[in-house]
Amino acid sequence: MKILTLAAAAAAAVAIAVAATGSAQTPGGRTVTLFENIARERSTLVDNAPKSPSKNPESRRFRLSAGDELVNRTPVLDHKGGARIGTSYAHAVVVNGRRFGNASLQANIVLALRDGTIALAGLVGAAQRPLAVVGGTGAYDGARGSATEKEIGSGAELTIRLLP
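Per my numbering, the sequence shown starts with residue 590, numbered consecutively.
Here you go:
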């Protein structure tokens, strides 16, 4: 299960890939593109009360409720099929919707990359909008900007636009 794209939420996953242009100390903005392979993702769904009648998200009886949590860890690659450069850690809480296809979740994501971290926050799933870049460390110290994603096959590409 993934967090960023809950349109692909039956699988509940999001994905990312990395190709940075410039360094954090370089004046002006830059774009970072990352890729995550869902096949290597580890996810946990925490079914808080009221409990779903079924634990299987594929079951017709499965139901999400506000407060359910989705936690995942996904390897981050420099491009689709490329080398691993870090890990994405995501935590999302259901704010509305009963199925992954129509649920909205408030997500916090930390991209732990070789040269630092990038922190993202926002709504994912049915109410998906661009995510806010809320900070960073290392090469991304003080990062701010926005991020969008695009599904690509069995993964997704996350494009992060960092402001100067």
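Yeah, the Cβ is synthetic: ideal placement off N, Cα and C, and Gly gets one too.
Owing to the predicted nature of the structure, the values given are computational and were not obtained by experimental measurement.
Which runs of the alpha helix (DSSP H) spanning at least 4 residues fall entirely within the region 646 to 730, listed in chain order?
List check, alpha helix (DSSP H) in window: nothing returned.
Using a Cβ-Cβ cut-off of 6 Å (strictly less than) and excluding sequence neighbours within five positions of Asn-637, which residues of its own chain qualify?
Taking the sequence shown and counting its residues from 1, one reaches residue 637 at position 48. Answer for Asn-637: Gly-656, Asp-657, listed in chain order.
Kindly indicate which three-state DSSP category Ala-628 falls into: helix, strand or coil?
Counted from its first residue, the sequence shown places residue 628 at position 39. Three-state result, Ala-628: helix.
Name the one or two DSSP bridge partners that Lys-739 has.
Residue numbering aside, residue 739 sits at position 150 when the sequence shown is read from its first letter. Bridge partners of Lys-739: Glu-746.
With H, G and I counted as helix, E and B as strand and the rest as coil, what does DSSP make of Gly-618?
By 1-based counting over the sequence shown, the position of residue 618 is 29. In the structure shown, Gly-618 sits in coil (DSSP, three-state: anything other than H, G, I, E or B).
Which one or two residues does DSSP pair with Leu-623 in a beta bridge?
Locating residue 623 in the sequence shown gives position 34, where the first residue counts as 1. In the DSSP output, where bridge partners are listed per residue, Leu-623 has Leu-747.
Quick test of your reading: Ala-701 and Gly-671, contact by CB under 8 Å. State the CB separation rounded to the nearest angstrom.
By 1-based counting over the sequence shown, the position of residue 701 is 112. By 1-based counting over the sequence shown, the position of residue 671 is 82. Incorrect: roughly 17 Å between the Cβ atoms, too far for contact.
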